[in-house]
Every structure is written in C-alpha cells, then in structure tokens.
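Worksheet: one structure, shown below.
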Amino acid sequence: MVSLGYAWHCFYVPANEIAWATDYASAKQQATKADKPILLYFTANWCVPCRVMKRQVWADSQVKELVNAEFVPVAIDVGDPHNAEVMDAYNIQGPPVTIVCDSQGKAMDWRSGGISQPVFLEFLNSSH
Numbered sequence: 002m003v004s005l006g007y008a009w010h011c012f013y014v015p016a017n018e019i020a021w022a023t024d025y026a027s028a029k030q031q032a033t034k035a036d037k038p039i040l041l042y043f044t045a046n047w048c049v050p051c052r053v054m055k056r057q058v059w060a061d062s063q064v065k066e067l068v069n070a071e072f073v074p075v076a077i078d079v080g081d082p083h084n085a086e087v088m089d090a091y092n093i094q095g096p097p098v099t100i101v102c103d104s105q106g107k108a109m110d111w112r113s114g115g116i117s118q119p120v121f122l123e124f125l126n127s128s129h
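Numbering (the working numbering), first residue to last: 2 to 129.
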C-alpha cells in the first residue's frame with residue numbers, strides 16, 4: 002500500500018494554469034508582439050523527471066506567476082515528429098531541457114535535467 006501511494010505521489014500530475022503557447026512558431030509570434038522572451042520546455046510523457054517537474058515546479062504558484070508574467074512559454078513534446086526541426090535547432094538529445102530565448106528564438110540561457118523549484122525560480126529570474 003505504501004509503494005502504491007508513493008507511486009501515485011511521484012506520477013500524479015496536477016493541472017496547471019500556465020498559458021502555454023500551442024507550438025514554437027506561435028510562441029515566436031506571441032513573444033515578438035509582447036516583447037517577452039520565450040521559455041522553451043522540452044518534455045515527454047514518458048520522462049520521469051519531467052513528471053516530477055510538472056508536479057513540483059510547474060504547478061508552483063510562484064513559478065506560474067513569473068512564467069505567465071515575464072515569458073511566452075511553450076512545451077515541446079520530444080516524441081512528436083512535428084517537433085524534430087526545433088529539437089535539431091537547439092540540439093536537444095532528450096528531456097527535460099529548459100531554454101530561455103529572445104523573441105527571435107536565440108538561446109540566452111538553458112538548463113538540462115530535472116530542476117527543483119528554488120533552482121528553477123533562480124534560473125528564470127536571472128534569465129530575463
């Protein structure tokens with residue numbers, strides 16, 4: 002019973018209220034209009050660190066507030082063949098990878114691997 006509870010805790014992913022762009026092209030358009038940096042998040046549904054980040058980082062109220070106010074966020078599913086071009090452009094080998102780009106898509110800062118909430122907030126605050 003304990004292991005079942007632990008598994009649920011590790012893999013349960015709450016809904017979040019981040020205003021994700023639908024794709025990379027629309028994120029670039031939104032970023033140009035809003036004069037905001039793009040926050041690229043390369044993820045996959047099979048990626049355990051991605052699930053942990055979704056539950057512990059992306060669902061955090063401070064993260065949601067900062068991301069929605071200061072960035073145009075877009076989640077890129079590395080398993081979707083339609084995303085191969087953007088993955089190649091940023092040399093993505095596997096998730097999770099988080100990249101802050103200017104509105105034209107030029108990478109300014111990045112982190113790979115799972116990131117804790119405090120480290121993620123520090124990364125976001127230093128990147129815009």
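Cβ coordinates follow ideal geometry from the N, Cα and C atoms, glycine included.
Query: Could you name the residues of the same chain whose beta carbon sits closer than 8 Å to that of P119, not counting the 5 residues immediately before and after it, in chain order?; Result: none
Query: Could you name the residues of the same chain whose beta carbon sits closer than 8 Å to that of P38, not counting the 5 residues immediately before and after it, in chain order?; Result: A32, E71, F72, V73, V101, C102, D103, S104, M109, S128 and H129
Query: Roughly how far, in whole angstroms, is the beta-carbon of F43 from the beta-carbon of P97, given that I think they are within contact range, below 8 Å?; Result: 6 Å
Query: Near L67, what residues of its chain come up, given a Cβ to Cβ distance below 6 Å and the 5 sequence neighbours on each side ignored?; Result: L125
Query: State the Cα-Cα distance for the pair K107 and A60, rounded to the nearest angstrom.; Result: 27 Å
Query: Please report the distance separating the alpha-carbon of A20 from that of A35.; Result: 14 Å
Query: Taking the alpha-carbon of G115 as reference, which of C48, A26 and Q94 has the nearest alpha-carbon?; Result: C48
Query: Give me the Cα-Cα distance between E123 and A28, rounded to the nearest whole angstrom.; Result: 23 Å
Query: Do D24 and V79 count as a contact pair if the criterion is CB distance below 8 Å?; Result: no
Query: Any idea which residues DSSP pairs W111 with across the strands?; Result: I100
Query: In the DSSP assignment, find the beta strand (DSSP E) that holds D89 and state where it starts and stops.; Result: That residue, D89, is in no beta strand (DSSP E); its alpha helix (DSSP H) goes A85 to A90.
Query: Under 8 Å by Cβ, that's how I've got V64 and F121 pegged, so tell me the actual separation to the nearest angstrom.; Result: 6 Å
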